[in-house]
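J.: In my numbering, the protein residues as written are 6 to 307.
Below: one structure in structure tokens.
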């Protein structure tokens, strides 16, 4: 993170993962509305562990870029004394977030193989800890996220908080489709907001009026020429967030309606019979029986 690509790639990953979960939760609920139980992850037929393996690979690549591949000397420590330089603290913080997601994905595979008691609840707990770690490190970030950039990160923390709360609620409410729906949507929203941050914070033409890109300690940040310009820029961020929120809400509702029509449980309707209709049916049956007996008597007499 800390660059355009560093926000785009994890953002797209969160967006795709949230959309994948949203699709599967809606499909599962549509097929089995009465017996629905939420899943923390969704296996494929082949390969079964594609989702957790993708999380492990993606998070491992993120750690490699943060600590080694993205560094000038291909290592994050001070060459003179082996300590962590101040300008590399944020790389270790981002790597800690990735490490917790690796832990979650690894135990998803382990629990699926050995099936210990309460494995679903424990896996939800690990996922919640991953979001808690993410929220903690974003809130107490070593980088001085102030001004416009700080406001983007503040709104991101709100979305991560929703992911954390809904994951914890999933432990006690496993049959709640709404909890799973909101959790999946919040994960996808994280990705959308990260990608929008990448575009808005590192594209000069999208920088708000009377603000400019400034390089501090080797990193690009947005600074504004006056307090009025800063307040205007922050208000624009709030408007952008609101637009995304409305857009995601509308899109998710149509997505739900579409999948409900495709996978929805087919209900067979039967005609309701009143007491009078039942009496008429009984009388018609008696008449038919009487006619049959009369025909038998005529044949015997003949």
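Built from N, CA and C at the ideal position, the CB exists for glycine as well.
For residue 185 and residue 175, what's the separation of their Cα atoms in angstroms?
T.: By 1-based counting over the chain shown, the position of residue 185 is 180. By 1-based counting over the chain shown, the position of residue 175 is 170. Cα-Cα distance, rounded: 7 Å.
J.: Start and end of the alpha helix (DSSP H) containing residue 312?
T.: Outside the shown range of the chain (6 to 307) lies residue 312, about which nothing can therefore be said.
J.: Mind the definition here: the stretch 127-136 touches the stretch 108-115 only if three or more C-beta pairs lie below 8 Å; say whether that holds.
T.: Yes, the stretch 127-136 touches the stretch 108-115.
J.: Could you check the C-alpha separation between residue 221 and residue 80 for me, to the nearest Å?
T.: Residue numbering aside, residue 221 sits at position 216 when the chain shown is read from its first letter. Residue numbering aside, residue 80 sits at position 75 when the chain shown is read from its first letter. Residue 221 and residue 80: Cα-Cα distance of roughly 21 Å.
J.: Count the other C-beta atoms from every protein chain shown that fall within 10 angstroms of the C-beta of residue 204, then say buried if there are 16 or more, exposed otherwise.
T.: Numbered from its first residue, the chain shown carries residue 204 at position 199. The residue is exposed, with fewer than 16 neighbouring Cβ atoms inside 10 Å.
J.: For a minimum of 4 consecutive residues, which ranges assigned as the alpha helix (DSSP H) are wholly contained in the stretch 129-196?
T.: List check, alpha helix (DSSP H) in window: 152-177.
J.: For the beta strand (DSSP E) that contains residue 219, what are its first and last residues?
T.: Translated into positions along the chain shown, residue 219 becomes position 214. Element bounds for residue 219: 216-221.
J.: Considering residue 266, what are the terminal residues of the alpha helix (DSSP H) in which it resides?
T.: To locate residue 266, count along the chain shown from 1; it is residue 261. Here the alpha helix (DSSP H) through residue 266 covers 232-268.
J.: Whose CA, out of 24, 269, 93, 212, lies closest to the CA of residue 226?
T.: The residue given as residue 226 occupies position 221 in the chain shown. Per the Cα distances, 212.
J.: Which of the three DSSP states is assigned to residue 93 in this structure?
T.: The residue given as residue 93 occupies position 88 in the chain shown. Three-state result, residue 93: helix.
J.: From the beta carbon of residue 259, is the nearest beta carbon of chain D less than 8 Å away?
T.: In the structure shown, chain D does not exist; there is a single protein chain.
J.: For residue 228, write down the residues that DSSP places opposite it in a beta bridge.
T.: For the purposes of this step, residue 228 is taken as residue 223 along the chain shown, with counting starting at 1. Looking at the DSSP assignment, residue 228 forms a beta bridge with 217.
J.: What do you get for residue 73, buried or exposed, if any count of 16 or more other CB atoms within 10 angstroms of its CB means buried?
T.: As a first step, residue 73 is located in the chain shown; it is residue number 68 there, counting from the start. Its Cβ having fewer than 16 others within 10 Å, residue 73 is exposed.
J.: Cutting at 8 Å between CB atoms, please list the residues of its own chain near residue 272, excluding the five before and the five after it.
T.: Here residue 272 corresponds to residue number 267 of the chain shown, with the count starting at 1. Note that residue 272 has pLDDT 47, beneath the 50 cutoff, so the model's placement of it is unreliable and the number below is only indicative. So the list is empty, once near-sequence residues are dropped.
J.: With DSSP as the reference, label residue 87 as helix, strand or coil.
T.: For the purposes of this step, residue 87 is taken as residue 82 along the chain shown, with counting starting at 1. Looking at residue 87 - three-state DSSP - the assignment turns out to be coil, as it is neither helix nor strand.
J.: Taking 6 Å as the limit between beta carbons, can you name the residues of its chain near residue 195, skipping five residues before and five after?
T.: Residue 195 sits at position 190 when you count from the first residue of the chain shown. Closer than 6 Å at Cβ, skipping near neighbours: 19, 164.
J.: Can you tell me which of the three DSSP states residue 82 falls into?
T.: Within the chain shown, numbered from 1, the residue matching residue 82 stands at position 77. It is coil, neither helix nor strand.
J.: Of the residues 162, 159, 202, 58, which one's Cα is nearest the Cα of residue 12?
T.: Translated into positions along the chain shown, residue 12 becomes position 7. Closest option to residue 12, Cα to Cα, is 202.
J.: If we call anything under 8 Å between Cβ atoms a contact, is residue 41 one with residue 49?
T.: The residue you call residue 41 lines up with position 36 of the chain shown. The residue you call residue 49 lines up with position 44 of the chain shown. No; because the gap between Cβ atoms is not below 8 Å, this pair is not in contact.
J.: Using the rule of at least 16 other Cβ atoms within 10 Å of the residue's Cβ for burial, across every protein chain shown, is residue 198 buried or exposed?
T.: Here the question's residue 198 lines up with position 193 in the chain shown. Buried, since its Cβ has 16 or more Cβ neighbours within 10 Å.
J.: Give the range of the alpha helix (DSSP H) segment to which residue 70 is assigned.
T.: Looking up residue 70 in the chain shown gives position 65. Counting along the chain, residue 70 falls outside any alpha helix (DSSP H), and DSSP gives it neither H nor E.
J.: So what's residue 51 in DSSP terms, helix, strand or just coil?
T.: Here residue 51 corresponds to residue number 46 of the chain shown, with the count starting at 1. If DSSP states are grouped into helix, strand and coil, residue 51 belongs with coil.
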